[in-house]
Amino acid sequence: MDEFDIIETPENVDLQRRLAGIGSRFAAGLIDHLLIGLMLAALIVVTLLFHVNPIVLGTDLAEQFGAVAVAVLTILFFLIYWGYFFFFELWMNGQTPGKKSLKIRVVRLEGGAITFDSIAVRNLLRVVDVLGFYGVAGIAMFLTRKSQRLGDLAAGTVVISEDVPDYAANSDSKQKVLDDQPVCGAALTATRLTPQEYRLLHNYWLRREQLTIEARRRLLPQLMAPILTRLGESVPADSPAVLEARLESLILQREGAPREEAVPPPPTQGDAPQAEGEDA
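If you're matching positions, the sequence shown starts at 1 in the working numbering and goes up one per residue.
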């Protein structure tokens, strides 16, 4: 079953977002760790090449290199492991190659893109999370309501799923089409909606799946009451389903009304037809 998180925007509208499941996060982590493993394997091969082949560097230099190889590898291991997640989450706005392939993303708990500080904190604590083959992270995700590991709790972040319709983007693209269209008198007569009212209803309809039931119950009367009153219809009390059905019918009626044909401008004096018999 999908789990959802609810945040309240500055406009006091509750938005709903789907939390990424443990399975998708594990699969994304597996992909990322395979890529990290390839990087570390390449590093180890290069290190062993210089260590076991004195011909490349010379005997003395090879022995000196071998003495510090373990320390260097330890530092490089941390830099690659921590830097991989830090770099990609910063560069890809909360995603890594693994997260992108599973369509999940790290965001701030209160909503919005992840910040530099939160990326650093959540990944520094990754060292603790990986103890016991990510056992600590798994326990934390299982016990917390929003499936947060220790790094998420400290950084104030949460991982969400993006494998849902992007109503906001859909609305923005369709809004531009609406703005470019001329006001159709026939459509306004059919629904008695002003262009501003239609755009409000249209935007609500596109974004409705992102709103919680409580938010929809609160917003629908505010949107529909003035319109229904003007149309001489009663406003159903505490019935968002009925209001949404009426809202949809208004939108369909508005969009289905015929568009006005352009009226040609009156001819100018110079374009007026000449009477028969007049000299050209």
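Note that CB positions come from ideal geometry on N, CA and C, so glycine has one too.
Where the alpha helix (DSSP H) through residue i begins and ends
i, result
"V128", "R126 to D129"
Residue i - DSSP class collapsed to helix/strand/coil
i, result
"V107", "strand"
"G94", "coil"
"D32", "helix"
"A237", "coil"
"S147", "coil"
"L250", "helix"
"R259", "Its pLDDT being 43, under 50, R259 is placed unreliably by the model, and the measurement read from it follows with that caveat. Here R259 sits in coil by DSSP."
Where the beta strand (DSSP E) through residue i begins and ends
i, result
"T212", "Premise fails: T212 is in no beta strand (DSSP E) and is neither H nor E."
Cross-strand partners of residue i (DSSP beta bridge)
i, result
"V158", "V107"
"A113", "V107"
Beta-carbon proximity check, residue i vs residue j, cutoff 8 Å
i, j, result
"E197", "L220", "no"
"D129", "L109", "no"
"Y84", "I139", "no"
"A69", "V159", "no"
"L143", "L201", "no"
"A155", "K99", "no"
"L121", "I114", "Residue identity differs from the one stated: residue 121 is Val in this sequence, not Leu. No, these two residues do not count as a Cβ contact at 8 Å."
Inter-residue Cα distance where the pair is residue i and residue j
i, j, result
"F116", "T96", "15 Å"
"S249", "F78", "59 Å"
"L49", "L43", "10 Å"
"S24", "L153", "19 Å"
"V72", "Y204", "57 Å"
"L76", "R126", "16 Å"
"Q222", "P236", "12 Å"
"Y81", "Q210", "36 Å"
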